[in-house]
Structures are given as structure tokens and as C-alpha cells.
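Participant: For the sequence shown, the numbering used here gives the first residue as 1109, with consecutive numbering after it.
My questions will all concern the structure given below.
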Amino acid sequence: GGETLPVMLLDPISIDAWATENAACFAPPIMNKLMHKKQLTIMFVGGPNTRTDFHLEGGSELFLMLKGDMQLPTIQLGKKKVVDIKQGQLFVLPPRIPHSPQRPQEGSLGLVIERERRDSEMDGLRWYTDFATCQEILWERFFRCDDLGRDLVPVVQAYKASEECRTGKPSAESVCTSYPLQQDTETSVPDPVDLKELLKQHEGLLASGQEVNLLSLMKHPDPEFLVLAAGGANGGTQEVKGSNYCETWIYQVSGEATVAPHGGGGAGSVLG
């Protein structure tokens, strides 16, 4: 077990105002901006932004499209499957599934949440000989990733400078013979869901003050994320069961709420 962390509430942030303030970060070539990075990485990604590689990591990723649509080619059950994530939709990708985020729409904006890497974990980047079918690996590398913006760049540069990139043919050196991160070949991931529609389907439960486990509703196999929805009548109080050992991200979908630490200690934060 771990030690109980001191409860600290950060000030609420208006995503619209924050995105406007950081608009330059969502233009080429940067296209993304970190809002928070500690136990959780809270990142927003703009478009147009496309890539040819597939990423593998040891943790889950949560996608929520706030503006515009995106496509997420994945390798599930050994075959390529393109996941279309529309505006307003939520999608959770379990660990160790190769994925290649494609954001072709200019002005699109998506939220991506992932956990910090454990000390022993490695990330992987992989290119296939044919992006359309993804049946044969062309080139791949596994590496320690503490900063996505910094640590991916030399790997991409090494691929672009490689003979395999030039010829489109793999070699004995370009494909791993042993893997520090084993690809998941057994999980079929549920399709994205419209977040507001899902909440509306359960508005009776939410209005009564009950919390709803969204991934359980979706029969989602993800082993890491706990995604809870909470509601209630005006002036009502509800205790949301988070964890004393990890960070919690709170996203206010509608209305307003005041958030205070369990037991009432410390000042509350008003979300709207």
C-alpha cells in the first residue's frame, strides 16, 4: 500500500478560455498543450495533425473530442481497426494496443488523459510496410518516455534516416526479437460513446444523487481508468469515491458544483 496523499485542490480552469489563451500551441508545428502533468497527464491536441507511426504504451488513454472529429487507427485482435471518435464522444483505449491518432480537421480539439509512466515502463513506436493493412512491421523502437514532446522526436528522426524508411523493406535490425512491452492481441475495445447522450440515459439516477460508473455501463474491459458521473439536485451534497492514492480529474459537463475535500477540510472550488 501507499501513503495517503495530502488533499490539494487546484483552481478550476475554463477549458474554452485556456484553449483561447494557448491558441498558438494548437497551430503547426506544436499542435498540443499540457494542462497538467503529475500522476495524471492532462493534454489537449489540435488539428490538422496526422502521423504514420503506431504508438504502444503500458497505460490506458482516455480520449474526449471537444471540437471536431478524429480517427484512431488501432491494431485489435491482430487486425487494423479504425475507431472514429466524433465531437462529444468519449473513448478509452486499454494498455498495450498499438494506435495512431489522426486529427485531419483544422480547428479540432481533443482531450487526452493518461497516467504517468512507471519507472520500469517503456514506450514503443512502430511503422508498418503498408499503413492501410498493417500486416508487416517495417521498423520499431522501444524507449523510455518521460516527455512525449521531447522523447519521441529522436525516435522519429532515426526512423526517417533509416534504410528501411527509404526502401519500405524491413531488415533483421529494424524489428525487435524480444519486447519490453507485450502487445495486447486479445482485447476488443468498445466503440466510442456520446458523453452527453450517455448521461441523459441515466439522468434519473444522477438527479437522485447516485454516481454512475460509465465504463461499467459500457461493459468496458479497461483495467485502469475509473470514470464516474455525478449529479444531484440544487443544493444537494454528494460524496464521490475517489482515491487517497491518486489524482482525480473533474470535468463539469453542465450546471455548477462546489468541490471540497472529504470531511470538509480546506476551501471548496466552484466549477461551472
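Built from N, CA and C at the ideal position, the CB exists for glycine as well.
If you're wondering where the values come from, they're calculated on a predicted model, not measured in any experiment.
Taking Ile1183 as the reference, give the member of Asp1177, Gly1154, Ile1205 and Gln1197 with the closest Cα.
Facilitator: It is Ile1205.
Participant: Following the continuous alpha helix (DSSP H) through Ser1271, name the residue where it begins and the one where it ends.
Facilitator: The question names Ser, but residue 1271 in the sequence shown is Glu. Where Glu1271 is concerned, the enclosing alpha helix (DSSP H) stretches over Glu1271 to Thr1275.
Participant: In the stretch 1158-1189, which residue ranges form an unbroken beta strand (DSSP E) of at least 3 residues, counting only runs that do not cross its ends?
Facilitator: Qualifying beta strand (DSSP E) stretches, in chain order: 1162-1164, 1169-1175 and 1178-1184.
Participant: Excluding sequence positions up to five away, which residues of its chain have a Cβ less than 6 angstroms from the Cβ of Cys1133?
Facilitator: Contacts found: Lys1141.
Participant: How far does the beta strand (DSSP E) with Trp1235 in it extend, from its first residue to its last?
Facilitator: Counting along the chain, the beta strand (DSSP E) containing Trp1235 begins and ends at Asp1231 to Tyr1236.
Participant: Should Val1263 be labelled buried (16 or more other beta-carbon atoms within 10 Å of its own) or exposed?
Facilitator: So Val1263 ends up on the buried side.
Participant: Let me check one thing: in DSSP terms, what residues is Arg1211 bridge-paired to?
Facilitator: Arg1211 is bridged to Asn1157.
Participant: With a 10 Å radius around its C-beta and 16 neighbouring C-beta atoms as the bar for buried, classify Leu1185 as buried or exposed.
Facilitator: With fewer than 16 Cβ atoms within 10 Å of its Cβ, Leu1185 is classed as exposed.
Participant: Is Gly1176 near the ligand FAD, in the sense that its beta carbon is under 7 angstroms from a heavy atom of that ligand?
Facilitator: Looking at this structure, you won't find the ligand FAD or any other ligand, since it has none at all.
Participant: Do Phe1171 and Leu1180 have their C-beta atoms within less than 8 angstroms of each other?
Facilitator: Yes, they are a contact pair.
Participant: Within its chain, find whatever has a CB closer than 6 angstroms to the CB of Gly1109; leave out the 5 residues flanking it on each side and keep chain order.
Facilitator: In this prediction, Gly1109 scores a pLDDT of 46, lower than 50, which makes its location untrustworthy; the coordinate-derived value is nonetheless stated afterwards. Nothing meets the Cβ criterion.
Participant: Comparing alpha-carbon positions, which option in Phe1250, Val1361 and Leu1219 lies nearest Gly1233?
Facilitator: Correcting the residue identity first, residue 1233 is Leu in this sequence and not Gly. Selected option, being the one with the closest Cα: Phe1250.
Participant: With DSSP as the reference, please indicate the residues paired to Gln1197 in a beta bridge.
Facilitator: Note: Gln1197 sits in a beta bridge opposite Asp1302.
Participant: In chain order, what residues of the same chain lie with their CB nearer than 6 angstroms to the CB of Ser1282, ignoring the 5 residues before and after it?
Facilitator: The answer, listed in chain order, is Trp1247 and Glu1272.
Participant: Of all the CB atoms in chain B, is at least one closer than 8 angstroms to the CB of Gln1290?
Facilitator: Structure shown: chain B not included; a single protein chain is present.
Participant: Around the C-beta of Tyr1287, are 16 or more other C-beta atoms found within 10 angstroms, so that it is buried, or is it exposed?
Facilitator: Result: exposed.
Participant: Helix or strand or just coil, what does DSSP make of Phe1251?
Facilitator: Phe1251: strand per DSSP, three-state reduction.
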